Amino acid sequence: MSISIISSKKNWIESRAVDQLQKCFELPGMKAAIGMPDLHPGNGAPIGAVFACERFLYPHLVGSDIGCGMALFRTNMKKGRIRIEKCIDSLKNLDLPWNGDIDILLQEEGMKSSQFDNSLGTIGGGNHFAELQCINEILDEEAFARLQLNASELLLLVHSGSRGLGESILRWHTARFSARGLYEDSVDADDYLWAHNHARTWAKLNRKVIALRFLHSLGESGQPILDVCHNHVEKVEVGASSFWLHRKGAADSNKGPLVIPGSRGTLSYLVVPTEDQSKNLFTVAHGAGRKWSRSDCKHRLRRRYSESSLRRNKFGGRIICADKELLYEEAPQAYKDIDVVVGDLIDAGLVRPVASLAPVITFKTNAS
DNA sequence: ATGTTC
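In terms of our numbering, the first sequence is residues 1361 to 1728.
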């Protein structure tokens, strides 16, 4: 039985998030809860935490965006060669439904059609984005080479999830069971897990379609490097015991390298998990984590930062976000320092940094 | 987070 938080003196964790972590740790069957350095308050359950539970699984500890995660793609684009204005113009249709053949794609993936088919290939709102990035600094030449990356080529990082599909699954579950857990050998647990796994697959496919759409719009193509989920539940064996591991805004560190994104105005980090990931329950931070609530952002920033200044980052890159409210809610100032979050993971011996990545073009939305 | 938000 243990509860802990991976953090340091440099970091700051909101007490309300710690209270939420404690509350969730008191749920029946719970054996361990770990807050990541990006821990912050969520809707009942905190964001940036992993929970290991015996016999029970808790859909609200996964949340509504089942399968949400980060996917990274290699491109053949070079920073000095792209015309930013032209690219921004070419991306104008990215909010529209994708005009590819969704029926055939779902069929190929062995997936069921649903009322959410036409959301496939769309980024969504909130903190979701698709971002072209350049290599800012290589921090581990060997690991960098092993990933077959080229320092001069741009990368595309996609953060999105299962859109309305995942949301409908949690809503359906909550209507029947409220916040109660599901016993692992029940029909209800099987039903939830089937729907959850379907939403995970859908979300991963969504990230791939978003990347292809994004790059095709620019007359380019890309190849997948990694895809790491941060909202899901899965069964894991540790020693002789088995647990339901719930990750809520917490990245799976048991699937190789991953990107820990900063805010849309700061660096992101490509990292490799170290060998032993059992003490952190195979989980690391999924991003910088919010410092301010969405509702606080506008009055804190409005006087000092104009809309147009928030559409440029300090690296000379651009942010496509026609939604003024979202622009303030997602301002870099609303997020914690990514260097502190990643630093805490490095100091805890959980990851090794491979490269820092700087934002070149961030797509949020063209819709106002 | 969300074809949102009565």
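All residues carry an ideal CB built from backbone N, CA and C; glycine is no exception. Note that this is a predicted model, so its numbers are computed, not measured.
Contacts around residue 1391, its chain only, beta-carbon distance under 7 Å, and the 5 residues preceding and following it disregarded: Within the same chain, residue 1391 has close Cβ partners 1361, 1412, 1413, 1414 and 1603.
Proximity to residue 1377 [Cα-Cα], best of 1389, 1367 and 1407: Taking residue 1377 as reference, the option from 1389, 1367 and 1407 with the minimal CA-CA separation is 1407.
Can you give the beta carbon distance from residue 1303 to residue 1619, rounded, assuming they're within the 8 Å contact cut? Nothing in the structure corresponds to residue 1303, since the chain is present only between 1361 and 1728.
Whole beta strand (DSSP E) runs in the segment 1638 to 1725 with 3 or more residues, listed along the chain? The segment 1638 to 1725 contains these whole beta strand (DSSP E) runs: 1643 to 1645, 1678 to 1681 and 1711 to 1725.
I need the DSSP call for residue 1548, collapsed to helix, strand or coil. Three-state DSSP puts residue 1548 in a helix.
Using beta-carbon positions only, say whether residue 1589 and residue 1429 come within less than 9 Å of one another. The Cβ atoms of residue 1589 and residue 1429 sit closer than 9 Å to each other.
Below 8 Å, how does it come out for the segment 1533 to 1549 and the segment 1418 to 1425: are there three or more Cβ pairs, yes or no? Contact between the segment 1533 to 1549 and the segment 1418 to 1425 is present: 3 or more CB-CB pairs across the two stretches fall below 8 Å.
Residue 1436 versus residue 1533: straight-line alpha-carbon distance, rounded: Straight-line Cα distance between these residues: approximately 44 Å.
Presumed contact (8 Å Cβ cut-off) between residue 1562 and residue 1427, rounded CB distance: Confirmed, Cβ separation roughly 7 Å.
Just to confirm the assignment: which complete alpha helix (DSSP H) runs, minimum length 4, are found wholly within the segment 1419 to 1489? Whole alpha helix (DSSP H) segments, 4+ residues: 1444 to 1450 and 1462 to 1468.
Pick from 1567, 1594 and 1527 that is closest to residue 1583, judged by C-alpha positions: Checked all of 1567, 1594 and 1527; the closest Cα to residue 1583 is 1567.
Which of the three DSSP states, helix, strand or coil, is assigned to residue 1570? Residue state, collapsed to three classes: helix.
In three-state terms, what does DSSP make of residue 1380? DSSP places residue 1380 within a helical segment (H, G or I) once states are collapsed to three.
What residue range is occupied by the uninterrupted alpha helix (DSSP H) comprising residue 1532? Looking at the DSSP string, the run of the alpha helix (DSSP H) that includes residue 1532 is 1523 to 1537.
So, does the segment 1631 to 1651 touch the segment 1676 to 1684, judging by three or more C-beta pairs under 8 Å? Segments in contact, no.
Starting from the C-beta of residue 1447, find all residues in its chain whose C-beta is less than 7 Å away, skip the five residues before and the five after it, and write them out in chain order. Excluding residues within five positions, the ones whose Cβ falls inside 7 Å are 1578 and 1721.
Helix, strand or coil: which one does DSSP assign to residue 1496? Strand.
State the Cα-Cα distance for the pair residue 1605 and residue 1637, rounded to the nearest angstrom. Here the C-alpha atom of residue 1605 lies approximately 13 Å from the C-alpha atom of residue 1637.
Boundaries (first-last residue) of the beta strand (DSSP E) holding residue 1597: Note, residue 1597: beta strand (DSSP E), 1591 to 1598.
What did DSSP end up calling residue 1372 once you bin it into helix, strand or coil? Three-state result, residue 1372: coil.
In whole angstroms, what separates the C-alpha of residue 1559 from that of residue 1522? So the two alpha carbons sit approximately 6 Å from each other.
Let's test the definition: count the other Cβ atoms within 10 Å of the Cβ of residue 1443 and tell me whether it reaches 16, buried, or not, exposed. Burial check for residue 1443: the Cβ neighbour count within 10 Å stays below 16, so the residue is exposed.
Okay, do the segment 1363 to 1377 and the segment 1398 to 1405 touch, 3+ Cβ pairs below 8 Å being the bar? Contact between the segment 1363 to 1377 and the segment 1398 to 1405 is present: 3 or more CB-CB pairs across the two stretches fall below 8 Å.
Would you report the Cα separation of residue 1571 and residue 1580, rounded to the nearest angstrom? Taking the straight line joining both Cα atoms gives about 10 Å.
Name the DSSP bridge partner or partners of residue 1502? Beta-bridge pairing links residue 1502 to no other residue.
My assumption, with CB atoms under 8 Å, is that residue 1517 sits in contact with residue 1497. Please give the rounded CB distance. Going by Cβ atoms, the distance from residue 1517 to residue 1497 rounds to 16 Å, so no, they are not a contact pair.
Can we count residue 1446 as close to the ligand COA, meaning its CB is less than 8 Å from some heavy atom? This structure does not include the ligand COA; it has no bound ligands of any sort.
Mind reading off the beta-carbon distance from residue 1727 to residue 1682? Whole number of angstroms is fine, and I expect it under 8 Å. With a Cβ gap of about 6 Å, residue 1727 and residue 1682 count as contacting.
On the three-pair Cβ rule with 8 Å, is the segment 1687 to 1702 touching the segment 1476 to 1484? Verdict: no, contact absent.
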